[in-house]
Amino acid sequence: MEIVFLGTSAAEGWPGVFCSCKYCERARELGGKNIRTRSSVVIDRRFLVDLTPDTYLNSLRLNIDLSKIRYLFITHSHQDHFYPQELYMRGEPFAHLPEEAILEIFGNSKVIKTIEEKINCEKTRIGLHTVSPFEKIEHEDFTLIPLLADHSQEEECLVYIIKIGEKTIFYGHDSGWYPEATWEYLKDFYINLAIFDCTFGGIDQRKGHMGIQAITEAKGILEKYGSIDSRSICVATHFSHNGGLLYDELVERLNPYGLLVAYDGMVLYI
């Protein structure tokens, strides 16, 4: 299974869109893996997690054909994860698609309502599926289990267990420290790839997002559960300039804990 990290930043990108702080200036100077766009991943070139303002440009840069995406899982409605205007471009004359090229979108009630209000789903060949925390969706191509995050009080923000074939991915951002019900649910799964929210970087906060201290603790708890082990791949992503650590500094802090530092364009195989 192939996982492509299209983007790996928090909402503002890194460098921030209009930011001149020392961390953004340093990222501009260093370039490379320090340049980050809004976070999303593509799985096996058929599954997309979150549709961001940067998804289209990243798809061109990384040779991802978005017309081949069949399933879109949205974590929550914040603009860096959900850019519904792009869906309008699936309709004629902006896109010429075969009749069978349906995009099935899964998200919370706020996400689905927004699409219904903005997009003609018949013309754009979109199917909508409202999901709720801890309610399993069994599909012939995958199993999807939404779990509750602690990210916003305005909606049910979700993290996901995604099972495709024999492999299981935990897509864990935007999360904050997981609610107890989510921890309990995670006990029942062996995870091949765990993706953690490291927005705060070196700052030890865990409300709404997490940082290095929190995700190393979270990884340790999952190891005690047996949900991850030495065969599992664990990745930190969704970095903000406010965390104050550039790529090499993140590697220095996270690699000793068995955590990879995601960067835009990173490809993993599980």
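Residue numbers (our numbering): 4 to 273.
The beta-carbon is built from N, C-alpha and C at its ideal position, and this holds for glycine as well.
If I follow the unbroken alpha helix (DSSP H) through Thr219, where does it start and stop?
Translated into the one-based positions of the sequence shown, residue 219 becomes position 216. Thr219 -> alpha helix (DSSP H) spans 215-228.
Since Asp200 sits in a beta bridge, which residues does DSSP pair it with?
Here residue 200 is taken as the residue at index 197 of the sequence shown, counted from 1. In the DSSP assignment, Asp200 forms a beta bridge with Thr240.
Cα separation between Lys25 and Met269?
The count along the sequence shown starts at 1 and reaches residue 25 at position 22. The count along the sequence shown starts at 1 and reaches residue 269 at position 266. Linking Lys25 to Met269 through their CA atoms gives a straight-line distance of about 25 Å.
Under 9 Å, Cβ to Cβ, is there at least one residue of chain D near Thr78?
Annotation note: the requested chain D is absent from the structure, which comprises a single protein chain.
Which stretch, first to last residue, makes up the alpha helix (DSSP H) that contains Val254?
Residue 254 sits at position 251 when you count from the first residue of the sequence shown. Following the DSSP letters along the chain, one finds Val254 inside the alpha helix (DSSP H) bounded by residues 250-257.
If you count every other CB in all the chains shown that lies within 10 Å of the CB of Leu161, and 16 or more means buried, which is it?
By 1-based counting over the sequence shown, the position of residue 161 is 158. Buried, because 16 or more other Cβ atoms sit within 10 Å of the Cβ of Leu161.
Is it true that the CB of Ala239 sits closer than 9 Å to the CB of Ile215?
Stepping through the sequence shown from its first residue, residue 215 is reached at position 212. Stepping through the sequence shown from its first residue, residue 239 is reached at position 236. For the pair Ile215 and Ala239, the CB atoms are nearer than the 9 Å cut-off.
Arg39 - DSSP class collapsed to helix/strand/coil
Residue 39 sits at position 36 when you count from the first residue of the sequence shown. In the three-state DSSP reduction, Arg39 falls in the strand class (E or B).
For Leu271, which of helix, strand or coil comes out of DSSP?
The residue given as residue 271 occupies position 268 in the sequence shown. Three-state DSSP puts Leu271 in a strand.
Applying the criterion that 16 or more other CB atoms from any shown protein chain within 10 Å of the CB defines a buried residue, is Val20 buried or exposed?
Within the sequence shown, residue 20 is the residue found at index 17, counting from 1. By the neighbour-count criterion, in which 16 or more other beta carbons inside 10 Å mark a residue as buried, Val20 falls on the exposed side.
Thinking just about the alpha-carbon of each residue, which of Asp153, Leu249, Leu271 is nearest to the one in Glu32?
As a working mapping, residue 32 is identified with position 29 in the sequence shown. Selected option, being the one with the closest Cα: Leu249.
Would you give the residue range spanned by the beta strand (DSSP E) that Leu131 belongs to?
Residue mapping note: residue 131 aligns to position 128 of the sequence shown, counting from 1. Taken as a continuous stretch (DSSP letters only), the beta strand (DSSP E) holding Leu131 covers 129-133.
With C-beta atoms as the reference, is Lys36 less than 9 Å away from Tyr266?
Here residue 36 refers to the residue found at position 33 when the sequence shown is read from its first residue. Here residue 266 refers to the residue found at position 263 when the sequence shown is read from its first residue. For the pair Lys36 and Tyr266, the CB atoms are nearer than the 9 Å cut-off.
Determine, using beta-carbon pairs with one atom in the segment 148-155 and one in the segment 41-56, whether at least three such pairs fall under 8 Å.
The segment 148-155, when compared against the segment 41-56, does not touch it at the 8 Å Cβ threshold.
Taking the C-alpha atoms as reference points, what is the distance between Lys113 and Thr202?
Taking the sequence shown and counting its residues from 1, the one referred to as residue 113 is at position 110. Taking the sequence shown and counting its residues from 1, the one referred to as residue 202 is at position 199. In this structure, the alpha-carbon of Lys113 lies about 23 Å from that of Thr202.
At what residues does the alpha helix (DSSP H) containing Lys120 begin and finish?
Residue numbering aside, residue 120 sits at position 117 when the sequence shown is read from its first letter. It is worth fixing the name first, because residue 120 is Glu in this sequence and not Lys. From DSSP, the alpha helix (DSSP H) with Glu120 extends over 112-121.
Got a sec, what are the start and stop residues for the alpha helix (DSSP H) Leu63 sits in?
The residue given as residue 63 occupies position 60 in the sequence shown. Note, Leu63: alpha helix (DSSP H), 58-64.
Environment of Ala184 [buried if 16+ CB atoms lie within 10 Å]:
Counting from 1 along the sequence shown, the entry for residue 184 is found at position 181. A residue is called buried once 16 or more other Cβ atoms fall within 10 Å of its Cβ, and Ala184, having fewer, is exposed.
Could you tell me if the beta carbon of Val20 falls within a distance shorter than 8 Å of some heavy atom in the ligand FMN?
Looking at this structure, you won't find the ligand FMN or any other ligand, since it has none at all.
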